[in-house]
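Heads up, the thing below is written out as structure tokens.
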Amino acid sequence: MFTMQLSSLLSRFAEPETLKMAKLGRELRAKGVDVIDLSLGEPDFDTPEHIKEAAKKAIDDNWSHYTPVAGYADLREAVCVKFKRDNNLEYKPENIVVSTGAKQSLANVILALVDEGDEVIIPTPYWVTYSELVKIARGKVVEVHTTTEAGFKLTPAQLEKAITPKTKAFLFSSPCNPSGAVYTKAELEALAVVFRKHPGIVILSDEIYEYINFTGKHESIAQFSDLKDRVVIINGLSKGFAMTGWRLGYIAANPEIAKACEKLQGQFTSGTNSIAQKSAVVALTADLTPSFDMVKEFTARRERTLQLVKAIPGLKCFEPQGAFYIFPDVSYYYGKSDGTTKITNSADFSMYLLNTAHVSSVMGDAFGEPACVRFSFANSMGNIEKAWARIKDALARLK
Ligand code: PMP
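Residue numbers in the sequence shown follow the working numbering, run continuously in steps of one, and reach 401 at the last position.
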């Protein structure tokens, strides 16, 4: 019989819990069950018309060949224009590397920076992929727990305490997936004070939810000019332009890091899809009204979701300031049972809702926060109403 040993790499990391839950939901749906998906992290809107038109034109204009590894020159220019327009940040094309989604951008950066044993500080809760990429690179994940009371934000004292001589990088998202926390300029400035004392640390700032902000202005930690050279901004078109399937992400970094990412990408995927790149030039430089129309709709859904969640006993709810998730503390239900199923942790809670309420969610353990569960509000208002009514009923049965 053929025997084979897969590489040890595969046992070092887990598959994304978000995708696993979506798959379980799809399997139930295939059996005829009416499952409402609150597990996935993508806008339910169609890509705006002017971007689709740009894609059609790119096909007709025969943009069908291999692309430069770091992205077309006009796209890297367009990314610089976007940074100036939205963030008042000056970058040159040599700072920009375009990739097959922000996920690849993150993978490039982490593989470019992290060696075996290097520590990467990640405040919890964090996006599922962060910790796994660090493990793939044989680095050490240093989780720092933030609390609902602190608005799920890291304090300067916590950051200072987590830093060791082995700290290579700090990785966070604002707006945050899954908590919805958004750092203010003053909060970033307070973290910057700590980073100034530790000049060797690279700051990885995932800003993919930049436009989906309900409370104020997006602030980037790269605005502090003395830090900018060691900040890597990760961003992409998936969320702000409803383009998840187009697979287009990018970084802004110092040229040394940018070159390293380009080198890695040259062996993994080469330059990303030509049609998506040509469309991205239009998306990034055109009027942003369609994006902000989506945000208006997310704002209404956020309000309604908050009302519905607050009406359910036992759910401790942090009000998201950005992104499109709600991440309540559900630990009140741990230890309770409906007579058949006992809930002991966030995985049980999530599975209980899938099996009894037919609503998919993602367990908080996947984000480094075992007391919570993530629910998306990137779904229609009708589905949101229906899903939370079912959740309320299912939770009322737990005693
Ligand atoms: N960062 C965060 C915080 C995300 O939520 C996601 C998508 N879920 C990504 C990066 C990756 O986005 P993409 O690869 O679609 O560009």
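Glycine is no exception: its CB is placed at the ideal position from the N, C-alpha and C atoms.
Residues of its chain near Pro372, where Cβ-Cβ distance is below 7 Å and the 5 sequence neighbours each way are ignored: Correct list, in chain order: Asn347, Ser348 and Gly366.
First through last residue of the alpha helix (DSSP H) which encompasses Thr169: Unbroken run through Thr169 is the beta strand (DSSP E), Thr169 to Ser175; no alpha helix (DSSP H).
Rounded C-alpha distance that separates Lys338 from Pro330: So the alpha carbons of these two residues sit roughly 17 Å apart.
Proximity of Cys263 and Val99 at Cβ, strictly below 7 Å: yes
Residue list, Cβ distance to the ligand PMP heavy atoms smaller than 5 Å: Gly43, Gly103, Ala104, Lys105, Trp129, Ser175, Asn179, Asp208, Ile210, Gly238, Ser240 and Gly251
4-residue-minimum alpha helix (DSSP H) runs that sit fully inside the segment 210-288, ordered along the chain: 257-270 and 276-287
Candidates Thr358, Tyr128 and Lys59, of which the one nearest Tyr327 by Cα: Tyr128
Given 8 Å, three or more beta-carbon pairs between the segment 272-290 and the segment 52-65: yes
Beta-carbon proximity list for Thr166, same chain, < 7 Å, skipping 5 on both sides: Glu121
Coil, strand or helix - Lys318 by DSSP: It is a strand residue.
Residue closest to Leu40, alpha-carbon to alpha-carbon, out of Arg392, Ile386, Lys394 and Asp395: Ile386
Proximity below 7 Å, CB of Ile205 to CB of Val233: yes
Span of the alpha helix (DSSP H), counted from its first residue to its last, around Glu51: Glu51 to Asp62
Rounded separation between Lys142 and Ala359 - CA only: 38 Å
Beta-carbon separation (whole angstroms), Glu321 vs Leu310, contact threshold 8 Å: With a Cβ gap of about 13 Å, Glu321 and Leu310 do not count as contacting.
Validate contact between the segment 221-239 and the segment 91-106 using beta carbons, cut 8 Å, 3 pairs: As far as the Cβ criterion goes, the segment 221-239 touches the segment 91-106, which means the pair count is three or higher.
Per-residue burial, Phe403 [other beta carbons within 10 Å of its own, 16 or more giving buried]: With the chain covering only 3 through 401, there is no way to say anything about residue 403.
Coarse secondary structure for Pro83, derived from DSSP in three states: The identity of residue 83 in the sequence shown is Val, whereas the question assumes Pro. Helix at Val83.
Nearest-angstrom Cβ-Cβ length linking Tyr336 and Thr343, presumed shorter than 8 Å: Going by Cβ atoms, the distance from Tyr336 to Thr343 rounds to 13 Å, so no, they are not a contact pair.
Phe243 versus Thr291: straight-line alpha-carbon distance, rounded: 10 Å
Endpoints, alpha helix (DSSP H) assigned at Thr126: Premise fails: Thr126 lies in the beta strand (DSSP E), Glu121 to Thr126, not in any alpha helix (DSSP H).
DSSP state of Lys142 mapped onto helix, strand, coil: Lys142 falls in the strand class under three-state DSSP.
DSSP-derived helix/strand/coil call for Lys94: coil
Sheet register partners of Arg376 (DSSP bridge): According to DSSP, Arg376 bridges with Val364.
Near the ligand GTP: Glu79 beta-carbon under 6 Å from a heavy atom: Looking for the ligand GTP in the displayed structure turns up nothing; the ligands present are the ligand PMP.
Pairwise C-alpha distance: Leu91 and Thr287: 15 Å
Nearest candidate by alpha-carbon position, reference Met160, set Pro125, Lys312 and Met296: In the sequence under discussion, the amino acid at residue 160 is Gln, which differs from the Met named in the question. When only C-alpha atoms are compared, the closest one is Pro125.
Range of the contiguous alpha helix (DSSP H) that encloses Ser348: Ser348 to Tyr354
Exposed unless 16 or more other CB atoms sit within 10 angstroms - verdict on Gly251: Looking at its Cβ environment, which holds 16 or more other Cβ atoms inside 10 Å, Gly251 is buried.
Val204 - containing alpha helix (DSSP H), residue span: That residue, Val204, is in no alpha helix (DSSP H); its beta strand (DSSP E) goes Val204 to Asp208.
Under the three-state DSSP convention, the category Ile386 falls into: helix
Proximity below 7 Å, CB of Glu44 to CB of Thr301: no
Between the CA atoms of Thr217 and Leu193 - distance to the nearest angstrom: 21 Å
Residue burial classification, Glu55 (beta-carbon count within 10 angstroms, cutoff 16): With a 10 Å radius around the Cβ and a threshold of 16 neighbouring Cβ atoms, Glu55 comes out exposed.
Selected residue, minimal CA-CA separation from Ser176, among Ala164, Phe197, Phe154 and Val195: Phe154
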